[in-house]
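**Student:**
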Amino acid sequence: MVARILALVAAVGLVAGAVALRGAIEGDDASAGDDARIAIWCDPLLADACTSAADGAEVEMIEPGDAFKRLADPQNDGPAPSLWVTAGDWPAALAAANPNTEIPTFGAATPAASSPLVVAAKGANLALIDSACGQKVTWTCLAESAGRQATDLGGSAPLGEFRLGHVVPPSSLGLATLAALLPTVAADPDAPNRGDVDSQAYRGLLDRVDSGELGIATGAAVSKFLTQPGEASVFIGPEAALVTKAEARGFELVTVEPSAALTAQVAPLKRDPAGDGEAPSADAAAGFAGRLGDRLSADGWGEPAPGTGTDPGVLAALLDAWNDR
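For what it's worth, full-length UniProt numbering labels the leading residue of the sequence shown as 1, then goes sequentially.
(1) Which complete alpha helix (DSSP H) runs does the region 111–150 hold, if anything under 4 residues is left out?
(2) Rounded to whole angstroms, what is the Cα-Cα separation between S211 and R291?
(3) How many angstroms separate the CA atom of F288 from the CA atom of P104?
(4) Give me the Cβ distance between G155 and A120, rounded to the nearest whole Å; I'm assuming they're in contact under 8 Å.
(5) Would you kindly report the start and end of the unbroken beta strand (DSSP E) that includes T86?
(6) Mind checking which residues open and close the beta strand (DSSP E) that includes Q265?
(7) Measuring only the C-alpha atoms, how far is D196 from G65?
(8) Three Cβ pairs or more, each shorter than 8 Å: is that satisfied between the region 213–232 and the region 158–175?
(9) Roughly how many angstroms separate the alpha carbons of P258 and D276, rounded to a whole number?
(10) Assign E58 to buried or exposed, taking buried as 16 or more other Cβ atoms, counted over all protein chains shown, within 10 Å of its Cβ.
(11) Name, in chain order, the residues that DSSP records as bridge partners for I236.
(12) Measure the C-alpha to C-alpha separation of F68 and W90 and round it to an integer number of angstroms.
(13) Below 8 Å CB to CB, which residues in the same chain sit around V243 once its five sequence neighbours on both sides are set aside?
(14) For T101, which of helix, strand or coil comes out of DSSP?
(15) Can you find the residues in the same chain that come closer than 8 Å, C-beta to C-beta, to E60, ignoring five residues on each side of it along the sequence?
(16) Assign L115 to one of two classes, buried (16 or more other C-beta atoms within 10 Å of its C-beta) or exposed (fewer than that).
(17) Taking 7 Å as the threshold (C-beta atoms), are W84 and A261 in contact?
(18) Which term fits D283, buried or exposed, when burial requires 16 or more other beta carbons within 10 angstroms of its beta carbon?
(19) On the DSSP letters alone, give me the boundaries of the alpha helix (DSSP H) that V59 sits inside.
(20) The alpha helix (DSSP H) spanning L205 covers which residue range?
(21) Can you name, in chain order, every residue of its own chain whose Cβ lies under 7 Å from the Cβ of S172, other than the five neighbours on each side?
(22) Hey, out of A274, L206 and A92, whose CA is closest to Q265's CA?
(23) Specify the secondary structure class of G230 as computed by DSSP and reduced to three states.
(24) Report the three-state DSSP secondary structure of A274 (helix, strand or coil).
(25) Let's test the definition: count the other Cβ atoms within 10 Å of the Cβ of T151 and tell me whether it reaches 16, buried, or not, exposed.
(26) Can you name, in chain order, every residue of its own chain whose Cβ lies under 6 Å from the Cβ of C50, other than the five neighbours on each side?
(27) Report the residue from T140, P229, A316 and R148 whose alpha carbon sits nearest the alpha carbon of P189.
(28) Could you give the DSSP three-state label for W322: helix, strand or coil?
(29) Find the nearest neighbour of N98 within the set G78, L117 and D73, judged by alpha-carbon distance.
(30) Nearest CA to the CA of G302: which residue from R70, W322 and A112?
(31) Between which two residues does the beta strand (DSSP E) harbouring V167 extend?
(32) Just verifying my parser: in three-state terms, what is the DSSP assignment at L253?
(33) Express the C-alpha separation of E239 and A286 in angstroms, rounding to a whole number.
What follows is the structure, given as structure tokens:
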């Protein structure tokens, strides 16, 4: 009888050990499976890199401003993304714009890569900005030149109006361009604030640059500018998105000072009070950010730019003011 009991105990132990081992193995597989099923919202500017880095996860391409609007709506009960991939700190702007609202919140973002904003120009228009701005092209010079006749800037009459080519929100480049131009009309250029966004000077700036608007989508705007002469005199965009196509068509990329950059980042979902968004594991978020950075590096992006960039509250104010136009 004792022998039978001991044999039974031993058998139970073997089964338990096998179950524990299987659980450990399947636990790893299950974790990987959960990571593969996380939902990612990605900035269309980063579409190729996001798709490459997704590793089987679901990816939705959505302009950051549209995602901002969806996430800021307390009546929206759709799930928030597990990872929100943007060029610029949109999650922080979302939090700044909705301090007391029950909306999805995101954890600290991981910067993946940066690309400086530059101006693409060639021929007579390149000579025009050299004439207007001298040896150093600044955001102030571009802002003050926008909307003026070329003859007033030292150029020839056939060039007509100097149109500052740009895209607009809800795209990340659109908001970054507005943020780069805002200090040119701010009371304190080193610390622009909501008051500057609400100022007559800023509204006047928007009116001056309006003739150079090339839509929302960066890729489409780049193609239009490069292939349809006359759409704009010059074009503001991230160096990584312009360098190959622009230089192939004889355009030069001009550095603008003070330096402004688009930084691609990955923000993990922290809490989704109304929906059933799934927060990612730390390993999933870090792994995706690493793969994204590697792909962007291969695409010509550089290391994440130092510094904090534009204040999130100012970004939110710029977006709000644009939407109210």
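Virtual Cβ for every residue (Gly too), placed ideally from N, Cα, C.
**Tutor:** Quick look at the numbers:
(1) DSSP runs (the alpha helix (DSSP H)) wholly in the region 111–150: 123–133 and 139–145.
(2) 39 Å
(3) 20 Å
(4) No, G155 and A120 are not in contact; Cβ-Cβ is about 17 Å, not under 8 Å.
(5) T86: member of the beta strand (DSSP E) spanning L83 to A87, first to last residue.
(6) A261 to R271
(7) 21 Å
(8) yes
(9) 42 Å
(10) exposed
(11) V119
(12) 7 Å
(13) Hits under 8 Å: L253 and G300.
(14) coil
(15) Only A39, I40, W41, C42 and P81 meet the Cβ criterion.
(16) The sequence given here has Ser at residue 115, not Leu. Classification for S115: buried.
(17) no
(18) Label assigned to D283: exposed.
(19) According to the DSSP assignment, V59 belongs to no alpha helix (DSSP H) but to the beta strand (DSSP E) extending over E58 to M61.
(20) Boundaries of the alpha helix (DSSP H) around L205: Q200 to V209.
(21) D43, L45, P64, T86, A87, G88 and L262
(22) A92
(23) Looking at G230 - three-state DSSP - the assignment turns out to be coil, as it is neither helix nor strand.
(24) coil
(25) Under this definition T151 is an exposed residue.
(26) C42, V59 and V85
(27) T140
(28) Helix.
(29) D73
(30) A112
(31) For V167, no beta strand (DSSP E) segment is defined, and its DSSP state is neither H nor E.
(32) strand
(33) Answer to the nearest angstrom: the Cα atoms are 26 Å apart.
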